[in-house]
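If you read the protein sequences in the order shown, they are chains A and B. For the first sequence, this note's numbering gives the first residue as 1, with consecutive numbering after it. For the second sequence, this note's numbering gives the first residue as 1001, with consecutive numbering after it. Ideal Cβ placement from N, Cα and C applies to all residues, glycine included.
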Amino acid sequence: MIDVRRISNSRWWHNKKNWILFGIFLFLVFVRISKGSIYKDFYYFISKPFWPGEFQKEVILKSLNQESLINLSLLKKDNIRLREILSLQESSNNDNISATVISRKTGSWWRQIILNKGSKDGVEIGDSVIGPGGLLGRVNNTSLFTSSVTLLTSPESKVGVWVDRIQINGLLVGIGNDYPNLILYSKNAELKVGDFVSSSPASSLLPPNIPIGIVQSIDEPFKAKKMAKISLLAKPQAIDWVQILKVKI
Amino acid sequence: MTKFLIKNLSIIFFIFVPIFFLWHPNWLGFLGVQPYWPLFWLLPWSMINGSIKGLIFGLFLGLILDSLTIDSDFTQIPGLILCGFLFGRIKLHRDNLLGHFRFGLICSFGSFLCGTIYFLQILFNNFSDSTYLLFIPSLQNILAEVFLTGFFAPLICSQILRMFKFSRRKVY
C-alpha cells in the first residue's frame, strides 16, 4: 500500500518546479505574442536616466537659436537697406529707452501706464512703447520724470496696423476692454482667426513691423467694413519693464 | 506739528486720494476694475461740511484726477460735482450699524452716477457705427466699480468720517 501511495505522489503536476517552468513558458508565449512590448517598456524605464536626449536637445536648441539670431540680423540689415532705398521711416536700437512701470490702470475707464522716464530722459509725446510680446501703446504725456502711455486697449487709442498674410492695412481701435477691435475697410478681406497683426510699414506714427497681436474672432461684415477682435501679444497688466522707441518722423 | 496735522487731517487725506487712484493694486481689483477712490473721501467730507463745500471739493478732486488720466476728451468733474452736492444733503445718522451700510449704498450710487456720466461722454465722443461695441465692456466696468465701491465704503468711509469728526473736535 505504501508503494502505491508513493507512485501517486510522484506525478508531474505535484512538482512545484514544473508549475514554475510552465508559468515561465506562458510568460514567454505572451512576450512573443505582444512582440516584446513588455521588454521594450521595461527598457524604457531602465534606460531613461542615460538618455542622451536632454543634453542633445539643449545643444540643438542653442544652435537653432544662434541660426535664428544670425538670420534675424541679416534680415534686419536687409530691411534697413531696403527702407533706406524706399525712404521709409526707420527705427534704431540706439534710441531705445528702458523704463519701469510705476503705475498701471489696465481695467476700468482709464487704460494707461505711467513710466519712470520723462522728458528729462528724452522721452517725447508720440514715442512708441513696447514690452515683452510687442507694442503696448504710445506716449501721450510727459512730465520731467514720468511719461504716461495710452494703451492700445484705451478707447482713445487708434493706430494703423498691417495684416501680413493678406497684405492689407487696417485700423486698431481700443474699446475699453482687453481686446481692441481691428477695422478693415474692405468687406471682402479674407481675414482668418489666428492671423498676425503688426504695426503698419506705412505708418508715420509707429515704427514698422512691431508685433501687436493675433486675430481672435471675426465679426460679420457691416457696411463695407470687416471687424475682428485682437488678442494682444504684450500684456500690460503683467509687464513691469518696457522700452520706449523714439520715432523719427 | 501734531496739532497742525490733526487740524488739517482732511486735507492730508485729500492729497492721498490721487495717490490711491494711481496706485491701482491688482489684488484689490475685480475684473481689472478698482473701487472709485475719490468717493471714499468725498462722502465724509460733504456729510460734515455740506453741499456747497462738497461741490467745490468735488470740482477740485475732478481737476486733479483729470490731470492724472490722459483721456483729454473726457472728464470726471461733472460726476464728482454732482456727488459732492448730493452727499452734502445727507444727514449724519445716529445708528452706527445702519450708518455703515448706508455708506455702502450711497457710495455705490455715487459710483454708478460717475461711471454713467463718464460712459455717456465716451459714447457721444465716439459716436459711430461701431458704438455698440463699447456697451458691454462699459457696463462691466460700471457694475464692477459699483460693487467694489459699495463693498469697501462701509469700512473706509466710517473710519474717515470718525477721523474728520475727531479732527474738527480738536479744533473747535
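Check                                                                                                                   : Outcome
Stretch pair the segment 112-123 of chain A + the segment 144-163 of chain A: three plus CB contacts closer than 8 Å    : yes
Under 8 Å from the C-beta of GLN243 of chain A: neighbouring residues of chain B                                        : Here the premise fails: no neighbours, minimum Cβ distance about 20 Å.
Residues that LEU151 of chain A bridges to, as DSSP identifies them                                                     : A:GLY137
Residues near VAL1171 of chain B by beta carbon distance below 6 Å, same chain, minus five either side                  : Because VAL1171 of chain B carries a pLDDT of 47, less than 50, the predicted location of this residue cannot be relied on, and the following value inherits that uncertainty. Within the same chain, VAL1171 of chain B has close Cβ partners LYS1007.
Simplified DSSP assignment, three categories, for ASN1125 of chain B                                                    : helix
Cβ distance (whole Å) where ASP127 of chain A is taken to contact ILE244 of chain A below 8 Å                           : 5 Å
Residues that DSSP places opposite ARG104 of chain A in a beta bridge                                                   : A:ILE113
THR1069 of chain B at chain A interface by Cβ criterion, 7 Å                                                            : yes
Residue range of the unbroken beta strand (DSSP E) whose run includes ASN169 of chain A                                 : 168-173
HIS14 of chain A versus PHE42 of chain A: straight-line alpha-carbon distance, rounded                                  : 33 Å
Residue of A:ASN181, A:LEU172, A:LYS226 minimising C-alpha distance to SER200 of chain A                                : A:LEU172
PHE1112 of chain B versus PRO1035 of chain B: straight-line alpha-carbon distance, rounded                              : 11 Å
C-alpha gap between ASN1141 of chain B and ILE85 of chain A, whole angstroms                                            : 48 Å
The segment 225-244 of chain A contacting the segment 64-83 of chain A, beta-carbon criterion three pairs below 8 Å     : no
Within chain B, the residues that GLY176 of chain A reaches when beta carbons sit closer than 8 Å                       : ILE1122, LEU1134, PRO1137, SER1138, ASN1141
C-beta neighbour in chain B for SER231 of chain A, strict 7 Å                                                           : no
Nearest-angstrom Cβ-Cβ length linking GLY133 of chain A and LYS235 of chain A, presumed shorter than 8 Å                : 7 Å
Buried or exposed by the 16-neighbour rule on C-beta atoms within 10 Å, applied to PHE30 of chain A                     : exposed
TYR185 of chain A, buried or exposed, once every other Cβ within 10 Å from all chains shown has been counted against 16 : exposed
Exposure of VAL59 of chain A, with buried meaning 16 or more beta-carbon neighbours within 10 Å                         : exposed
Alpha-carbon to alpha-carbon, LYS187 of chain A and GLY194 of chain A                                                   : 19 Å
Per-residue DSSP class, three states only, for TYR1172 of chain B                                                       : Since pLDDT at TYR1172 of chain B reaches only 44, below the 50 mark, its modelled position is unreliable, and no value is offered.
Three-state secondary structure assigned by DSSP to THR1116 of chain B                                                  : helix
Inter-residue spacing [alpha-carbon to alpha-carbon] between VAL242 of chain A and ILE125 of chain A                    : 16 Å
Chain A contact residues for GLY1032 of chain B, given Cβ-Cβ distances below 8 Å                                        : THR106, GLY107, SER108, ASP178, GLN237
Coil, strand or helix - ALA189 of chain A by DSSP                                                                       : coil
Cβ-Cβ separation, PHE1014 of chain B to TRP1041 of chain B (assumed contact under 8 Å), whole Å                         : 6 Å
Inter-residue Cα distance where the pair is ARG1168 of chain B and LEU1161 of chain B                                   : 11 Å
N- and C-terminal bounds of the beta strand (DSSP E) containing SER217 of chain A                                       : 211-218
Coil, strand or helix - GLY1054 of chain B by DSSP                                                                      : helix
C-beta neighbour in chain A for HIS1188 of chain B, strict 7 Å                                                          : Only positions 1001 to 1172 of chain B appear in the structure, and residue 1188 of chain B is not among them; the question remains open.
Extent of the continuous beta strand (DSSP E) to which LYS226 of chain A belongs                                        : 226-232
Per-residue burial, PHE25 of chain A [other beta carbons within 10 Å of its own, 16 or more giving buried]              : exposed
Inter-residue CB distance, LEU1133 of chain B and ASN181 of chain A (contact presumed, cutoff 8 Å)                      : 6 Å
C-alpha gap between ASP1073 of chain B and ASN65 of chain A, whole angstroms                                            : 46 Å
Cβ pair CYS1107 of chain B, GLY1150 of chain B closer than 7 Å                                                          : yes
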